[in-house]
Amino acid sequence: MPHATRPSTNESNFLLSALRENLRLDSRALDQYRPISLQFPSDPDVHGQTDVRIGKTRVICNISCEVITPYPDRKFDGVFTINCELSPLMGAGVEVGRPDQTEALLSRILDKSIRRSNALDTESLCIIAGQKCFHVRADLHVLDDDGGIFDACCLALVAALQHFRRPDYEVHGEQVTVFDVREREPVRLTLQHHPFCVTTSYYDAGTIMVQDATLLEEQCREGETVVSMNRHGEVCQIAKYGGVPVDALSMLSVVNQSWEKVTMMDALVREALLKDEREKDKGGRMKAELSAENERVMERPVG
Amino acid sequence: MAAAMVLLPGEEIPTDRLPKPKKGKLTLGPGLQHTPPSIISATTAGSLQVDHRKAALWLEHAGGRYQPSVGDLVIAQIHHSSVETFSCALTPHTSFAILGQLAFEGVSKKTRPQLKAGDVVYARVSRASKWEDVEIECFNSATGKAEGMGQLKGGMVFDVRPAFARRLMMGTDKEGVSKGGVVVLEEVGGKVKFEVAVGRNGKVWVDSGSVRETVMIGHLLRGADEGGWDVEGQRKAVKKALRDV
Amino acid sequence: MGPDISHHPLHGADGSVTFSSKLCSILAAANGPVEVQRRDELPEEAAVEVNIRPVSGVSGPRERWLESVVAAVLRSVLHLHMHPRTLIQVTLQITKAPSSTLKGAVQDVALLPSLINASFLALADGGLPLRNTVAAVLLAVVSTGEVREEPSEKELVGCKSLHGLAYNNHGDLLLSESAGGFDLAEWERIADQAEETCRAAMAPLDEDGVVMEGTTSSGPWLRQELTDKAQAAVAWREAT
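Protein chains in written order, with the UniProt record's numbering: chain A, 1 to 303; chain B, 1 to 245; chain C, 1 to 240.
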């Protein structure tokens, strides 16, 4: 049975004494994130793939879609599913086929942050009510875990959703024509808002709070809170599954600190997408003004 | 300058490359396998290193997991104890190595070492074969002396690649030049007092007076290992780090 | 010239590599020898586990088949008897696949040579014990009857048959999977060409460690990659 390696007493004691002196092993500030890099595929025809790195942590996300029949009780909505798996790419400790606690937690948090908060407007995925709709599928793979996979996965997912283009379609009465990407230019998804996750770890009976913990820091922590919110300060979810009890007022300050980080991440994603658009713009395809907010699909007049 | 010969797995060493041993015995290091009577083939992709004096040859390979071999000094972490032994981890996700509770200097059946899960010891591999569990000991069984082995208290343990740990343990030659090309510890040791133990399994234990200094040493080790700094680069990095502390 | 390879992109796995051919990109990781589950333990040799993850969706029967073929080839390549009662784990994440316009069997065979090459490079990167070196190649017989090595996606559409073969450095055939219609004589010609290409991939370099002239289009890419990496690993020796 591949056993998880816990850090030694020496390491956890040292980490705690360092934190008490306001020091981290990589000399970061307690609330500082590691360098975040966001990459998109170089092929201009491929949309919806991101490769996110936070320090040594690395996550890839792939968005795909197909046309299906909507659920009978949600006739006016399309379907959006998130599939997130840890794999032995991260190291030998992951057992394939048996989802462990981290994977279940990750799926739940991403679900609450992105799906349940309606970040992706599922109504916009409907083609003909009750008959045809889009099923958008997000596949996340964690390639390297050096702590912060919740933050990295959420970032990768939101960036990929903004990068993705779904096929364009036309409705004539009862007939639907879904155009291939080569026939008509594909269309952006409608995102209501962009949620991001910020994980705060607790040490020393909950008195020391640290953001963006590395793997070693995660293994030595006493508890953690995962806050998902968007840059407008709207909180999508707060998760604190057990761990050391924490003062209620400090929870408020955690949410405030998270807001700062979310603003940072939002700006980062925005910039990366802009840069990617510019590099792939072949002249004339890009509108003068780029806006990712509430772009409703224009319905062609029938007839 | 002719680079050392690189062999791919399954390739045989040409006989003209083999050293001529005085006693007629060749020592094979990692990465090579002997097929009797006279074929020696590579089991990994690496560059062939020959030591004519010791009549030894091996393949040098940068990556990979540490494979225990008898005589190696390692830093082991206690996982749990049973009646007569401690089960220790040398590398993640492998079977435990067995450390006898009496394999320490100056212990007897009445005064056993007080080691708990999570403690760290400096030990030597006493037995390693593919058919049995690896065994380690914290003293020289011939003399009964600890010789620096035993529990490592306090300090911090840093992870490095096993190949880098080997370079750290290579020592210096007659002129005092580091054989492994790693000088960070010596350079820092000139200005900062600290204790260090290097485990061939890719772990370095450091204990200095202050947290800040230990963090600095860890940072330098990681830079030399992952950043691939050469000797000059290491000296510069050490100077800069000492200024900042 | 040859596939695009980058070494050791991951930190958690013992060995890793990204491998990109004309048709697909694969991120491969190898772990081992590590502790094995009681139920998978083999008394005299290491157990081999291969996991393949597609670009999108969950892995299904198609990935299971690919895994069984790759595992069988790796069992001939690894030194399983050096580490009994352990596990050698290879994970292959496909990051770019040929588009789904290709028919089932053709798409499966098209991936195999890249999967084998990526697995071997990941195992070599991780220093796992290997008995021999293996190179795999993809050959297509297009509608005109010509044989194309490492075909592009356009050449695959409407091809008469597709063959994935792998040879080791002793000239043994380790993999032969085909899709489409062909006769035995045609297969023999293809096998000969594949053997040539695989041997060229592992061919010795000349004194300066440079690619020799007059070899096939991709040259000794396997040897060049592994040699460059091994020499980089001992660069510190030259400096001291």
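A virtual CB, placed ideally from N, CA and C, is assigned to each residue, including glycine.
Here's the rule I'm using: 16 or more other beta-carbon atoms within 10 Å means buried, otherwise exposed. How should residue i be labelled?
i	result
A:L120	buried
A:N230	buried
A:N256	exposed
B:K72	In the sequence under discussion, the amino acid at residue 72 of chain B is Asp, which differs from the Lys named in the question. So B:D72 ends up on the buried side.
A:F134	buried
C:T91	buried
C:G214	Any reading at C:G214 must be qualified, since the residue scores a pLDDT of 44, below 50, and its modelled position is unreliable; the value itself is stated next. Per the 10 Å Cβ criterion, exposed.
C:R39	exposed
A:Y71	exposed
A:E21	exposed
C:T216	Note that C:T216 scores a pLDDT of 46, beneath 50, so its modelled location is shaky; the value from the coordinates is reported in the next line. The residue is buried, with at least 16 neighbouring Cβ atoms inside 10 Å.
A:Q175	exposed
A:E123	exposed
B:A2	With a pLDDT of only 47 at B:A2, under the threshold of 50, the placement of this residue in the model should not be trusted; the figure read from the coordinates follows. Under this definition B:A2 is an exposed residue.
B:E137	buried
A:S8	buried
A:R285	Annotation note: pLDDT 49 at A:R285 (below 50); position unreliable, coordinate value reported separately. It counts as exposed.
C:T197	buried
Comparing C-alpha positions only, which one of the options sits nearest to residue i?
i	options	result
C:D192	C:L165, C:P33, C:P204	C:L165
A:A138	A:P72, A:L189, A:V94	A:L189
B:H219	B:V204, B:G209, B:E232	B:V204
A:G242	A:E21, A:L105, A:I36, A:P88	A:L105
B:H80	A:R6, A:A129, A:P195, A:C236	A:R6
C:L173	C:C159, C:G104, C:D183, C:T133	C:T133
A:A92	A:S124, A:D144, A:R74, A:T9	A:D144
C:G180	C:A201, C:R131, C:V157	C:V157
B:A163	B:P30, B:A89, B:K130, B:T214	B:P30
A:R213	A:R24, A:W259, A:T122	With the sequence shown as reference, residue 213 of chain A is identified as Ala, and Arg is not the correct amino acid for it. Out of A:R24, A:W259, A:T122, A:R24 has the C-alpha closest to the C-alpha of A:A213.
B:A76	B:G64, B:K193, B:E147, B:A197	B:A197
C:D108	C:P204, C:I5, C:C24	C:C24
B:V184	B:L242, B:D173, B:D159, B:K130	B:L242
C:P33	B:E132, B:G64, B:G227	B:G64
C:S6	C:K229, C:A235, C:A233	C:K229
I'd like to know whether the C-beta atoms of residue i and residue j end up nearer to each other than 8 Å.
i	j	result
B:A55	B:P19	yes
A:S253	A:E224	no
C:A46	C:L87	yes
B:A123	B:M156	no
C:V141	C:S114	no
B:L57	B:L28	yes
A:P88	C:N117	no
B:R222	B:R200	no
B:G176	B:L168	no
B:T142	B:V134	Looking at the sequence itself, residue 142 of chain B is Ala, so the reference to Thr does not match. Not closer than 8 Å, so no.
A:K261	A:D146	no
I'd like the span of the beta strand (DSSP E) that includes residue i, first residue to last.
i	result
A:A205	First-last for A:A205: undefined, no H or E at that position.
A:E222	Where A:E222 is concerned, there is no enclosing beta strand (DSSP E), given that its DSSP letter is neither H nor E.
C:T18	15-20
C:P33	25-35
C:K96	86-96
B:W58	56-60
Output the boundary residues of the alpha helix (DSSP H) element that contains residue i.
i	result
A:A213	Per DSSP, A:A213 belongs to no alpha helix (DSSP H) and is neither H nor E.
C:E149	Premise fails: C:E149 lies in the beta strand (DSSP E), 147-149, not in any alpha helix (DSSP H).
A:T254	First, the residue type needs correcting, since residue 254 of chain A is Val and not Thr in the sequence shown. Note, A:V254: alpha helix (DSSP H), 248-280.
A:C126	That residue, A:C126, is in no alpha helix (DSSP H); its beta strand (DSSP E) goes 126-128.
B:G189	184-189
B:W229	It is not in any alpha helix (DSSP H) - B:W229 carries neither H nor E in the DSSP assignment.
C:G104	104-125
A:F150	149-163
C:K154	153-156
Residues within the region 17-49 of chain C neighbouring chain B, beta-carbon criterion of under 8 Å: N31, G32, P33, V34, E35
What residues in the region 64-86 of chain B have a beta carbon less than 7 Å from any beta carbon of chain A? Q77
Which residues, taken in chain order from the region 212-225 of chain B, show a beta carbon closer than 8 Å to some beta carbon of chain A? R212, T214, V215, G218, H219
Looking at chain B, which residues of the region 17-50 of chain A have a Cβ within less than 9 Å of any of its Cβ atoms? S17, A18, R20, E21, L23, R24, L25, D26, S27
Output, in sequence order along the chain, the residues in the region 55-76 of chain C whose CB is closer than 8 Å to any CB in chain A. V55, S56, G57, V58
Going along the region 26-41 of chain B in order, which residues come within less than 8 Å of chain A, judged by CB to CB distance? none
Using a Cβ-Cβ cut-off of less than 7 Å, list which residues of the UniProt domain "K Homology" (155-211) of chain B approach chain A; keep chain order. G155, M156, V157, V211
Which residues of the region 88-121 of chain B have a Cβ closer than 7 Å to any Cβ of chain A? Give them in chain order. A89, P92, H93, G118, D119, V120
Taking beta-carbon pairs under 8 Å, can you tell me which members of the region 127-142 of chain B lie near chain C? Within the region 127-142 of chain B, the residues whose Cβ lies closer than 8 Å to some Cβ of chain C are K130, W131, listed in chain order.
What residues from the region 107-133 of chain C come within 8 Å of chain B, judged by C-beta to C-beta, listed N to C? If you check each beta-carbon in the region 107-133 of chain C against every beta-carbon of chain B, the ones closer than 8 Å belong to A124, D125, G126, G127, L128, P129, L130, R131, N132, T133.
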